[in-house]
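Residue numbers (UniProt numbering): 1 to 143.
Please read the structure below before turning to the comments.
What follows is the structure, encoded as structure tokens:
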């Protein structure tokens with residue numbers, strides 16, 4: 001299965017923030033969208049980073065509550081792993097496992113086209129396994 005198939009089922013909407021966004025506002029947006037990460041984009045829509053709940057918690061532990069008044073640019077991950085719609089879900093699964101990341105933006109011609117989470121990958125894998133099981137059961141029952 002390709003990332004494009006996953007996005008077709010899931011949708012391509014992506015919540016974003018600017019690097020100047022206040023960390024408190026970031027937390028509000030994470031809660032509002034019920035997501036674990038937001039892609040950080042510049043005014044032209046180019047990806048400049050990604051920021052997750054994990055980033056906030058780790059930096060809050062290091063720097064204390066004043067972090068909440070700072071900007072997203074101070075805590076975001078700047079080296080963003082990405083994928084394309086042509087990549088396979090298996091390739092993405094390997095990338096997520098090796099890099100220990102949970103959210104990967106999907107990029108087409110340098111532009112943000114979607115985002116895939118580890119939950120999306122697991123859901124897709126579960127659906128594939130269920131389909132295989134149904135096919136095997138049908139094959140066995142036909143004798």
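The C-beta atom is built at its ideal place from N, Cα and C for all residues, glycine as well.
Note that the structure is predicted; figures quoted are calculated from it, not measured.
Whose C-beta lies closer than 8 Å to the C-beta of residue i among residues of the same chain, with five residues either side of it excluded?
i: residue 20; result: 71, 72 and 73
i: residue 108; result: 84 and 85
Rounded to whole angstroms, what's the CA-CA distance from residue i to residue j? Just pull it up for me.
i: residue 87; j: residue 23; result: 32 Å
i: residue 82; j: residue 142; result: 44 Å
i: residue 58; j: residue 94; result: 24 Å
i: residue 133; j: residue 9; result: 21 Å
i: residue 130; j: residue 84; result: 26 Å
i: residue 165; j: residue 5; result: Since the first residue of the chain shown is 1 and the last is 143, residue 165 is not available in this structure.
Using only CA atoms, which one of the options lies nearest to residue i?
i: residue 27; options: 89, 52 and 91; result: 52
My output table needs one value for residue i: the three-state DSSP class, helix, strand or coil.
i: residue 114; result: strand
i: residue 100; result: coil
i: residue 119; result: helix
i: residue 16; result: strand
Leaving out five residues before and five after residue i in sequence, what residues of the same chain have Cβ atoms less than 7 Å from its Cβ?
i: residue 45; result: 111 and 112
i: residue 39; result: 14, 16, 47, 50, 105, 112 and 115
For residue i, is the classification buried or exposed, using 16 other Cβ atoms within 10 angstroms of its Cβ as the cut-off for buried?
i: residue 75; result: buried
i: residue 37; result: buried
i: residue 3; result: buried
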